[in-house]
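Sequential numbering of the sequence shown, starting at 188, is according to my numbering.
For each residue, glycine too, the CB sits at the ideal point set by N, CA and C.
Remember, predicted model here, so these are calculated numbers, not experimental data.
Beneath this line is the structure, given in structure tokens, with notes to follow.
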Amino acid sequence: MPDYRDILAEILVPADKLQVRVSELGAEISRDYAGQDLLLLCILRGGVMFLADLMRQLSIPHAIDFMALSSYGVGARKSSGSVRISLDLNQNIEGRHVLVVEDIVDTGHTIAAVLELLQTRRPASLKICALLDKSERREVVVPIHYVGFDIPNKFVFGYGLDVDELYRNLPFIGVAKPDVYVTPGPEPPARP
Ligand code: PRP
188 MPDYRDILAE ILVPADKLQV RVSELGAEIS RDYAGQDLLL LCILRGGVMF LADLMRQLSI
248 PHAIDFMALS SYGVGARKSS GSVRISLDLN QNIEGRHVLV VEDIVDTGHT IAAVLELLQT
308 RRPASLKICA LLDKSERREV VVPIHYVGFD IPNKFVFGYG LDVDELYRNL PFIGVAKPDV
368 YVTPGPEPPA RP
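Now the structure itself:
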């Protein structure tokens, strides 16, 4: 396994800036949800690091739960628009204030699918908190109520985001070198 330094092109958001922003978001969310029955719903796996830091910055009581979704279609690193729920949360959300915690919103398909499903369960409110917003890549319109950072269309990893399931533990958001994400084109047709 390569060391992360071998695939890192640049640090996009250093650890100290991340922590400052997470603390600001925590303060804002604590104010907005004061006195309400708040459930933080983390989307696995990328949202884990953000959730763990965010909840430590909340000064109000809250519950947590988890969902996992997978998109499939063209290539493991591309969102296809087809999203399947592989792990559902196990709490009743009817009448509760649900805040979905995501590491990144890219095309928007994952969040759109989460919102569509959860709305049918009649929460009192349903909002999104995303650490990273790669808005240039958006394919469906989704409301994001709390955003950590707007980021450019670069392949990012660290702080929950992976490269082939690795490097989620890094305390910063890095940009990967092009050879990490530029995959070879399709195989040429076989000769007769
Ligand atoms: C990433 C990320 C979001 C989703 C965003 O998850 O954590 O859930 O993609 O992409 P979209 O806006 O284009 O739908 P991924 O499928 O890589 O799973 P992971 O969190 O387990 O790494």
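Closer than 8 Å: residue i CB and nearest ligand 1 heavy atom
i       : result
Asp-293 : yes
Arg-271 : no
Thr-307 : no
Asp-290 : yes
Ile-156 : This structure does not reach residue 156, given that the chain is present from 188 up to 379, and the question cannot be answered.
Ile-360 : no
Ile-252 : The amino acid occupying residue 252 in the given sequence is Asp; Ile does not appear at that position. Outside the cutoff, so no.
Gly-335 : no
Assumed close pair residue i, residue j - CB separation to whole angstroms, cut-off 8 Å
i       : j       : result
His-284 : Pro-310 : 7 Å
Ile-298 : Val-329 : 5 Å
Leu-205 : Tyr-354 : Not confirmed; about 15 Å, so no contact.
Ile-272 : Leu-313 : Between Leu-313 and Ile-272 the Cβ distance is about 16 Å, and since that is not below 8 Å, they are no contact.
Leu-231 : Phe-253 : 5 Å
CA-to-CA distance, residue j to residue i, given in whole angstroms
i       : j       : result
Gly-222 : Ala-250 : 13 Å
Arg-324 : Asn-340 : 7 Å
Leu-199 : Val-362 : 6 Å
Ser-246 : Leu-212 : 11 Å
Leu-348 : Met-236 : 9 Å
Top-ranked residue by Cα proximity to residue i, from the options
i       : options                            : result
Gln-278 : Cys-229, Arg-324, Ile-198, Ile-315 : Cys-229
Gly-233 : Asp-366, Val-367, Ala-363, Asp-351 : Asp-351
Glu-326 : Phe-336, Glu-215, Ala-300          : Ala-300
Report task. Would you be able to state if there are at least three C-beta pairs under 8 Å between the segment 275-292 and the segment 221-241? Result -> Taking 8 Å as the limit for Cβ pairs, the verdict is that the segment 275-292 does touch the segment 221-241.
Query raised in the report: On the three-pair Cβ rule with 8 Å, is the segment 292-299 touching the segment 318-327?
Result: Yes, they touch.
Query raised in the report: Is the segment 211-222 close to the segment 358-366, with three or more CB pairs under 8 Å?
Result: The segment 211-222, when compared against the segment 358-366, does not touch it at the 8 Å Cβ threshold.
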